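Participant: Following numbering that gives the first Met the number 0, the numbering of the sequence shown begins with 0 at its first residue and continues without gaps.
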Amino acid sequence: METLATWSDVLCKAFHFSEAVSSVYTTLFGRVGFEGPFHHLVGKVNGVVVSTGTLLSTDHGGYIYNISTSENARGKGYGSELSYQLIKLAQSQGLSQIALVSSSQAISVYSKLGFQKVNRYRIYA
Numbered sequence: 000m001e002t003l004a005t006w007s008d009v010l011c012k013a014f015h016f017s018e019a020v021s022s023v024y025t026t027l028f029g030r031v032g033f034e035g036p037f038h039h040l041v042g043k044v045n046g047v048v049v050s051t052g053t054l055l056s057t058d059h060g061g062y063i064y065n066i067s068t069s070e071n072a073r074g075k076g077y078g079s080e081l082s083y084q085l086i087k088l089a090q091s092q093g094l095s096q097i098a099l100v101s102s103s104q105a106i107s108v109y110s111k112l113g114f115q116k117v118n119r120y121r122i123y124a
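1. Do you know whose CA, among 94, 21, 120 and 112, lies nearest residue 81's CA?
2. From the beta carbon of residue 8, is the nearest beta carbon of chain C less than 9 Å away?
3. Using a Cβ-Cβ cutoff of less than 6 Å, which residues in the same chain neighbour residue 24 once the five nearest sequence positions on both sides are dropped?
4. May I have a chain-ordered list of the alpha helix (DSSP H) segments no shorter than 4 residues that lie completely inside the stretch 0-33?
5. For residue 9 and residue 95, I'd like the C-alpha separation in whole angstroms.
6. What do you get for residue 103, buried or exposed, if any count of 16 or more other CB atoms within 10 angstroms of its CB means buried?
7. Buried or exposed: residue 19, going by 16 or more other Cβ atoms within 10 Å of its Cβ?
As C-alpha cells, this is what we get:
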C-alpha cells in the first residue's frame, strides 16, 4: 500500500488534485487489488518516484490512464518512457488495441509512440 500511496501522491500533485483525492485514489485502487485488470507503474529517478501510469486490460483492449510526471521532472521524457512501458505491458498480454485520452499538450508525445487522434472532446469541470 505504501507504493500505491506514493503513486497516488505523485499523480494527484501533478494534476493539482487535493490530498483528499489522493487518499480516495489510494483507497479505491487498494480495494481493487493487484491481481485484477489495473496495472499501476511508477517511474523512478535515483530512487524517487517521478512519473505514474495505469494500464486497464480488458477483453476489448488496453486503456492507458493516469500518465503524470512531477513538475520538477517534466520535459525529460519520463512520461513518454512510462507510456512506452505500459504499451509493452499491453502487448505482452496480447492486447492488439490500446487507447488513451490525452491533453492537447501531450498529443505530440503520444503521436511519436504511434497513437492516432480519433476523437476530440471537452471536459468541463
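Heads up, the beta-carbon is just placed ideally off N, CA and C, and yes, glycines get one too. Source: prediction; values computed, not measured.
Facilitator: Let's see:
1. 112
2. This model lacks chain C altogether; it includes just one protein chain.
3. 7
4. 1-13 and 18-31
5. Those two C-alpha atoms are separated by around 29 Å.
6. exposed
7. Classified as exposed, residue 19 has fewer than 16 neighbouring CB atoms from the shown chains inside 10 Å of its CB.
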